[in-house]
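Residue numbers (my numbering): 2 to 418. Yeah, the Cβ is synthetic: ideal placement off N, Cα and C, and Gly gets one too. The next block holds one structure in the form of structure tokens; read it before the comments.
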């Protein structure tokens, strides 16, 4: 029987190191080839490390929280041949792990594997449970064969917060003496920030300290796009197998804006201005681990159906923790839609090294003066944050007005005028 080292996968050049986030196996566990042994976290994504062979985990060299680099040994695995006598497996387990009932250890391992197959917690789900200090048995599952899904966890967290708020209100309504007693029993829970959260913090702070960021606002009448979607939405879905959303219109409008205002599609590199002759647009996606911005490549070559399909694919991969480094790197301009959470107006922060970001918001019916009359229309606020070191106020305002005009007359998007 031979052994093999479990190594840190090769990290991209832009990633110097990683953190051991969570071990899914422990010393003495029998694992099958391709079973996920652990997850390591970079400042961009989570990486799963599978077992290269079937075997028994002999030792763990790097514990959770350890900083590791490409090619570093994480653990050692004793490889088990396809056909191995049961007594050999039992002997290995006895040598590697102290157990109270050695005679039944093999049956326990097999039973555990069988039980886990019926309540599999995927690596991303295990990570979420660990980050929020949850007990999986307390979470109602809705997945196939009783498996926990990301939606189950989000629902559980939301209900816990709601319950906490209710409890908080109840004790405020009690007498003063009881409030004081409860106040003395206040507890705190502390967890380490994830690598992604720390990276987000560093980047946001760097933006505020190193750019001259300003924001200009406008509003857009969304009725033409709403009417167009109602008229062609069903036919579009039948033809392309995907719903006609709003984001594809935003992306198309931004594309035309970048073409007509090249300075928005540029960045500062030292003492040079870099003009990009391609159009890669970052789309902000909210995940339970934080906000990420996967990149929609070469949007000038994509049709409306292509944009909708690609955005859906990126969003799903983001929520499931399946995005790659390549899908997160780059991007010349970012679109963020706080409207899906109900935000009416906000000031988005630039995604460096980009020079501008467009914020979309909730669509609300509001009374508007139109042709001398007061009418109620579905209106949405637009916000463009930009680096004033590179982009002048005139260009930023003209760019945003152009976006507004395209969205209010969407036929121009198809005619590219």
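Reference residue i, options the options, closest by Cα
| i | options | result |
| --- | --- | --- |
| residue 58 | 30, 280 and 51 | 30 |
| residue 198 | 46, 77 and 151 | 46 |
| residue 33 | 253, 53 and 39 | 53 |
| residue 233 | 244, 369 and 365 | 244 |
| residue 345 | 332, 333, 360 and 334 | 360 |
| residue 254 | 369, 241, 24 and 305 | 305 |
| residue 249 | 319, 297, 222 and 133 | 297 |
| residue 340 | 318, 315 and 286 | 286 |
| residue 394 | 130, 218 and 318 | 218 |
| residue 375 | 251, 366 and 382 | 366 |
| residue 362 | 373, 383 and 321 | 383 |
| residue 337 | 348, 64, 369 and 396 | 348 |
| residue 292 | 314, 301, 277 and 322 | 322 |
| residue 221 | 319, 410, 271 and 9 | 410 |
| residue 301 | 252, 295, 320 and 294 | 252 |
| residue 8 | 342, 49 and 27 | 49 |
Coil, strand or helix - residue i by DSSP
| i | result |
| --- | --- |
| residue 107 | With a pLDDT of only 43 at residue 107, under the threshold of 50, the placement of this residue in the model should not be trusted; the figure read from the coordinates follows. Helix at residue 107. |
| residue 213 | coil |
| residue 368 | strand |
| residue 102 | Confidence in residue 102 is poor, its pLDDT being 46 and thus under 50, which makes the residue's placement too unreliable to answer from. |
| residue 293 | strand |
| residue 311 | helix |
| residue 270 | strand |
| residue 84 | With a pLDDT of 42 at residue 84, under the threshold of 50, the modelled position of that residue is not reliable, and the figure given next carries that caveat. Residue 84 falls in the coil class under three-state DSSP. |
| residue 258 | helix |
| residue 321 | coil |
| residue 16 | coil |
| residue 351 | coil |
| residue 248 | helix |
| residue 137 | helix |
| residue 68 | strand |
| residue 194 | coil |
| residue 379 | strand |
| residue 346 | coil |
| residue 159 | helix |
| residue 304 | coil |
| residue 390 | coil |
| residue 263 | helix |
| residue 203 | helix |
| residue 44 | coil |
| residue 189 | coil |
| residue 152 | helix |
Cutoff 6 Å; reference residue i; Cβ partners in own chain excluding five residues on either side
| i | result |
| --- | --- |
| residue 3 | 80 |
| residue 400 | 258, 262 and 265 |
| residue 16 | 43 |
| residue 36 | 52 |
7 Å CB neighbourhood of residue i in its chain, flanking five on each side removed
| i | result |
| --- | --- |
| residue 354 | 268 |
| residue 227 | 379 |
| residue 68 | 18 and 20 |
| residue 274 | 267 and 391 |
| residue 196 | 20, 42, 43 and 44 |
| residue 246 | 309 |
Cross-strand partners of residue i (DSSP beta bridge)
| i | result |
| --- | --- |
| residue 288 | 291 |
| residue 39 | 24 and 50 |
| residue 78 | 5 and 58 |
| residue 374 | 371 |
| residue 385 | 217 and 359 |
| residue 275 | 268 |
| residue 143 | In DSSP, residue 143 forms no bridge with anything. |
| residue 283 | 296 and 335 |
| residue 32 | 56 |
Host alpha helix (DSSP H) of residue i (start-end)
| i | result |
| --- | --- |
| residue 403 | 394-409 |
| residue 336 | Note, residue 336: premise wrong, no alpha helix (DSSP H); beta strand (DSSP E) at 334-338. |
| residue 326 | 326-329 |
| residue 413 | 412-416 |
Opening and closing residue of the beta strand (DSSP E) in which residue i lies
| i | result |
| --- | --- |
| residue 49 | 47-51 |
| residue 228 | It is not in any beta strand (DSSP E) - residue 228 instead sits in the alpha helix (DSSP H) that spans 224-241. |
heavy atom of the ligand MG below 6 Å from residue i C-beta
| i | result |
| --- | --- |
| residue 220 | Only the bare structure without any ligand can be found here, which leaves the ligand MG out of the picture. |
Own chain, CB closer than 8 Å to residue i, minus 5 neighbours either side, in chain order
| i | result |
| --- | --- |
| residue 214 | 208, 350, 351, 386, 387, 388 and 389 |
| residue 151 | 125, 126, 129, 289, 320 and 321 |
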